[in-house]
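What follows is a single structure, written as structure tokens, with notes after it.
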Amino acid sequence: MKWLTTAFFMAWGMFCAIPCPYQRWDERLRPLMLVCFPLLGVLLGGIWCSAAWLIARWGGLGLFGPALLAALPCLLTGFLHLDGFMDCCDAILSRRPLEERQQILKDSHVGAFAVICVDLLLLLSVALFATAEWSKVWRPLLFLPAAARGPAALAVLSLSPMGGSSYAGGFQAQVGRVHRLTAAALTVIFPVLSTALFGIPGLCAAAAACGSALALRYGVRQLGGMSGDISGFAVTIGEFCGVAALTFLGKQVWEWTW
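Read left to right, the sequence shown gives residues 277 to 534 (the working numbering).
Next up, the structure:
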């Protein structure tokens with residue numbers, strides 16, 4: 277079990293801004309670290325749903341509550357996935373030839389498309405949180421980040437990496453069938469578990485997984501391979517789709533069944 281614990285904390289240190297209580301790196305466990313990526317989402321989802329519960333208990337806090345809930349996933353991850361989202365938006369929306377899109381993806385400068393897309397994303401996210409009935413629908417946030425991360429982890433482990441990606445080279449040689457099968461199982465488990473525990477609003481996890489998977493497919497086709505930026509792009513879109521689904525599904529539900 278020590279290798280599993282180490283892999284989880286590797287994922288924590290790599291993909292989360294919360295200080296990691298156990299810092300150790302084992303290069304051999306990089307594939308398993310990706311398998312643990314959705315499990316890290318449960319930790320982030322626990323913080324997210326706890327914040328939503330507190331905000332609901334305090335009366336919503338006006339616009340500050342929705343703004344905080346919209347910003348919290350970005351704050352908890354150190355804006356890592358949002359950075360990938362912005363890079364992909366710049367590259368894809370440039371509508372340049374593939375080689376130029378890949379160069380734009382690696383460019384450290386921020387373009388107009390990235391700024392416009394992140395502004396729209398945050399604006400719509402705040403609007404969704406302001407619309408939601410959070411006294412009733414905070415619980416499904418628990419599994420929403422994990423569901424959005426499942427397809428991203430599976431894609432990194434299964435798809436051909438883009439040239440120059442950190443997942444190119446020797447990484448693919450370390451990935452085994454067990455890693456892919458476990459990641460695939462986690463991709464399915466969290467939406468099913470969310471729906472079983474929280475009923476119709478729990479389907480938001482399935483919406484998050486579907487949104488993430490579609491974003492991955494689009495990003496890989498547009499950019500010619502898998503990369504960490506495309507993973508962040510997919511996670512960001514997946515979480516947004518999950519919040520949108522939860523907002524509209526939750527308005528139809530007045531009683532919870534655990």
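All residues carry an ideal CB built from backbone N, CA and C; glycine is no exception. As the structure is a computational prediction, the values presented were derived from the model and not from experiment.
Notebook entry, point to check: Leu435 and Val496: beta carbons closer than 9 Å?
Noted result: Taking the sequence shown and counting its residues from 1, one reaches residue 435 at position 159. Taking the sequence shown and counting its residues from 1, one reaches residue 496 at position 220. Yes, these two residues count as a Cβ contact at 9 Å.
Notebook entry, point to check: When DSSP labels each residue in this structure, what does Pro349 get in the three-state scheme?
Noted result: On the sequence shown, position 73 is the one that residue 349 refers to. Residue state, collapsed to three classes: helix.
Check: What span of residues does the alpha helix (DSSP H) with Gln450 cover, start to end?
Finding: In the sequence shown, counting from the first residue as 1, residue 450 sits at position 174. Segment 447-450, the alpha helix (DSSP H) holding Gln450.
Check: When burial is assigned at 16 or more other CB atoms within 10 Å of the CB, is Val519 buried or exposed?
Finding: In the sequence shown, counting from the first residue as 1, residue 519 sits at position 243. Per the 10 Å Cβ criterion, buried.
Next item on the list: State whether the region 464-481 contacts the region 416-424, with contact taken as three or more CB pairs (one from each stretch) at a distance under 8 Å.
Entry: yes
Next item on the list: Would you kindly work out how many angstroms separate the C-alpha atoms of Cys296 and Met290, rounded to a whole number?
Entry: Here residue 296 refers to the residue found at position 20 of the sequence shown. Here residue 290 refers to the residue found at position 14 of the sequence shown. So the two alpha carbons sit approximately 9 Å from each other.
Notebook entry, point to check: With which residues is Pro437 paired in a DSSP beta bridge?
Noted result: Stepping through the sequence shown from its first residue, residue 437 is reached at position 161. According to DSSP, Pro437 bridges with Met502.
Checklist line | Residues of its chain near Trp532, where Cβ-Cβ distance is below 6 Å and the 5 sequence neighbours each way are ignored | finding: Counted from its first residue, the sequence shown places residue 532 at position 256. Its pLDDT being 44, under 50, Trp532 is placed unreliably by the model, and the measurement read from it follows with that caveat. Taken in chain order, the list of residues that qualify is empty.
Item checked: Same chain, Cβ closer than 8 Å to Trp530, five either side skipped, listed in chain order -> For the purposes of this step, residue 530 is taken as residue 254 along the sequence shown, with counting starting at 1. Residue placement at Trp530 is flagged as unreliable, the pLDDT there being 44, under the threshold of 50; the coordinate-derived value follows with that caveat. Around Trp530: Lys412.
Note to self: Quick check: does the Cβ of Thr353 come within less than 8 Å of any heavy atom belonging to the ligand PLP?
What the structure shows: Looking at this structure, you won't find the ligand PLP or any other ligand, since it has none at all.
Margin query: How far does the alpha helix (DSSP H) with Glu376 in it extend, from its first residue to its last?
Written below: Taking the sequence shown and counting its residues from 1, the one referred to as residue 376 is at position 100. Glu376 -> alpha helix (DSSP H) spans 374-382.
Check: Is there contact here, the region 377-391 with the region 319-336, by at least three beta-carbon pairs under 8 Å?
Finding: no
Margin query: Here's a check: name, in chain order, each residue in its chain whose Cβ is nearer than 6 Å to the Cβ of Gly487, leaving out the five neighbours to either side.
Written below: For the purposes of this step, residue 487 is taken as the residue at position 211 of the sequence shown. Once the five neighbours on either side are set aside, the close Cβ partners of Gly487 are Ile513, Gly514, Cys517.
Notebook entry, point to check: Assuming Leu430 and Cys480 make a contact with CB atoms under 8 Å, what is their CB distance in whole Å?
Noted result: Within the sequence shown, numbered from 1, the residue matching residue 430 stands at position 154. Within the sequence shown, numbered from 1, the residue matching residue 480 stands at position 204. The pair is not a contact, with the Cβ atoms about 20 Å apart (cut-off 8 Å).
Note to self: Are the CB atoms of Pro307 and Arg425 within a distance shorter than 9 Å?
What the structure shows: Counting from 1 along the sequence shown, the entry for residue 425 is found at position 149. Counting from 1 along the sequence shown, the entry for residue 307 is found at position 31. Not a contact, by the Cβ cut-off of 9 Å.
Notebook entry, point to check: When the Cα atoms are used, what is the spatial distance from Val451 to Gly508?
Noted result: Walking along the sequence shown from the start, residue 451 turns up at place 175. Walking along the sequence shown from the start, residue 508 turns up at place 232. Each residue's Cα considered, the two are about 20 Å apart.
Check: With burial defined as no fewer than 16 other Cβ atoms inside 10 Å of the residue's Cβ, what is the status of Trp534: buried or exposed?
Finding: The sequence position of residue 534 within the sequence shown is 258, counting from 1. Residue confidence is low: Trp534 scores 41 on pLDDT, short of 50, so the model does not pin down where it sits. Its coordinate-derived value is still stated next. Trp534 comes out exposed.
Margin query: Taking a contact to mean a Cβ-Cβ separation below 9 Å, would you say Gly526 touches Glu409 in this structure?
Written below: As a working note, residue 526 is residue 250 in the sequence shown. As a working note, residue 409 is residue 133 in the sequence shown. Cβ atoms of Gly526 and Glu409: closer than 9 Å.
Next item on the list: Return helix, strand or coil for Ile294, following the three-state DSSP convention.
Entry: Stepping through the sequence shown from its first residue, residue 294 is reached at position 18. Three-state DSSP puts Ile294 in coil, outside helix and strand.
Next item on the list: Would you tell me roughly how many angstroms separate the C-alpha atoms of Gly360 and Leu351, rounded to the nearest one?
Entry: Here the question's residue 360 lines up with position 84 in the sequence shown. Here the question's residue 351 lines up with position 75 in the sequence shown. Spanning the two alpha carbons is a distance of roughly 15 Å.
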